[in-house]
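Enquirer: Below you'll find the structure I mean.
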Amino acid sequence: MRQLLVATTLVLAVMFSALAQTTAVPDFSGTWVLNVAKSTLPRDSTIKSQTIVIENKKSEIIFRYNTDGKKLTETYTPDGKKRVSGQLTSSASWHDSVLVIESTLDIKVPNATVVVTGLKPVIDTWALAADSRTLTHDADDHKEIYVYEKH
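In our numbering, the protein residues as written are 922 to 1072.
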């Protein structure tokens, strides 16, 4: 009877331990090329080509964009904390296997007080396909969908 109780306790401990583990977050690292044909870009978009080199570090995700020859780097720490970069306040966090970045624009005018109300945060989501070969960036409430392929 004692052995059965010990065995049952061990089985339950292993089950609860497995349930307590969080879903592993995907690794977006690599070079990603925008597939314009598969994407839904804004009507006024002039993007001809875009490549993103993504680097996953311990606590950061670094996006290095090259859009039609113009370079831009964005760094996010997916811990849910708000961070200010210039006039942009952003927070990044994992929702299961989807990276969610919520940003708001803080308008600052020197020597003046400006109060802006009613601005909704912009929510960007990044999701990796099951085959790890396609990365989708959904922006502006499904109005813009950028599809990238790994190279």
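Ideal Cβ placement from N, Cα and C applies to all residues, glycine included. All of these numbers come straight from a predicted model, not from anything done at the bench.
Report the CB separation of Phe949 from Leu1049 in whole angstroms; it is logged as a contact under 8 Å.
Expert: 6 Å
Enquirer: Just to confirm my understanding: we take Ile975, look at its own chain, exclude 5 residues before and 5 after, and list those with CB closer than 6 Å. What are they?
Expert: Phe949, Ser950, Phe984
Enquirer: Going by DSSP in three states, Lys959 sits in which element: helix, strand or coil?
Expert: helix
Enquirer: So, is Val993 buried or exposed, given that buried needs 16 or more other C-beta atoms within 10 angstroms?
Expert: Reading off the sequence shown, one finds Leu at residue 993, where the question assumed Val. With fewer than 16 Cβ atoms within 10 Å of its Cβ, Leu993 is classed as exposed.
Enquirer: With a 10 Å radius around its C-beta and 16 neighbouring C-beta atoms as the bar for buried, classify Ala934 as buried or exposed.
Expert: Low confidence applies to Ala934: its pLDDT is 40, below 50, so where it sits in the model is not reliable enough to give any reading.
Enquirer: At which residues does the beta strand (DSSP E) containing Ile1044 begin and terminate?
Expert: 1043-1049
Enquirer: Pull up the distance between the alpha-carbon of Tyr1067 and that of Val1021, whole angstroms please.
Expert: 15 Å
Enquirer: Looking at Thr998: is its Cβ nearer than 7 Å to the Cβ of Ser980?
Expert: yes
Enquirer: Return the chain-ordered list of same chain residues with a C-beta closer than 8 Å to the C-beta of Asp1027, the five sequence neighbours on each side being excluded.
Expert: Val1005, Gln1008, Leu1009, Thr1010
Enquirer: Could you tell me which of Glu1070, Ala1060, Asp1061 sits nearest to Arg1054, measuring between CA atoms?
Expert: Glu1070
Enquirer: For Pro947, I'd like the list of residues in its chain whose CB is within less than 6 Å of its CB, leaving aside the five on either flank, ordered along the chain.
Expert: Ser1018, Leu1049
Enquirer: Please classify Asp1059 as buried or exposed, where buried requires at least 16 other C-beta atoms within 10 Å of its C-beta.
Expert: buried
Enquirer: Indicate the three-state DSSP secondary structure (helix, strand or coil) for Ile975 in the structure shown.
Expert: In this structure, Ile975 counts as strand in the three-state DSSP scheme.
Enquirer: Starting from Ser1024, trace the beta strand (DSSP E) both ways and give me its first and last residue.
Expert: 1019-1026
Enquirer: Put Arg1059 into one of helix, strand or coil per three-state DSSP.
Expert: The residue you asked about is not Arg; residue 1059 is Asp in the sequence shown. In this structure, Asp1059 counts as strand in the three-state DSSP scheme.
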